[in-house]
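The opening position of the sequence shown corresponds to residue 210 in my numbering, with each subsequent residue numbered one higher.
Note that CB positions come from ideal geometry on N, CA and C, so glycine has one too.
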Amino acid sequence: MMKSLEEIKSEIKQEVTTYFKHAARVNAEPGIFGKITGKLRASKEILETAGQIAVDVANQYHEELTEEQTDDLKKFMKELLPSAYKEWLTTQRAES
């Protein structure tokens with residue numbers, strides 16, 4: 210069954226948001242990262258993983274999308290990741 214572009218965007222947003230929430234919980238556990246450099250490295254890895262999750266979900270529907278829809282989806286993901294990452298950083302600071 211073919212999903213609409215909005216349904217695909219919603220699925221990507223849900224997967225990325227869920228991942229960031231999980232990453233925030235894991236990263237907030239005491240003793241996991243003792244130094245700031247460890248947290249920065251972890252943040253980069255978390256952002257890269259979130260990006261890969263978004264791409265993996267989008268790739269599931271690649272053949273169903275027109276070129277215009279694919280471009281729209283790429284733009285959406287470029288906007289989604291920084292906002293989700295910023296929300297995750299805010300969570301990190303609040304829990305520190």
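With a cutoff of 8 Å on beta-carbon distance, A267 and V225 are scored as not near each other. By the CB criterion at 8 Å, L214 and L282 fall inside the cutoff. Just so you know, the alpha carbons of L256 and S292 end up roughly 11 Å apart.
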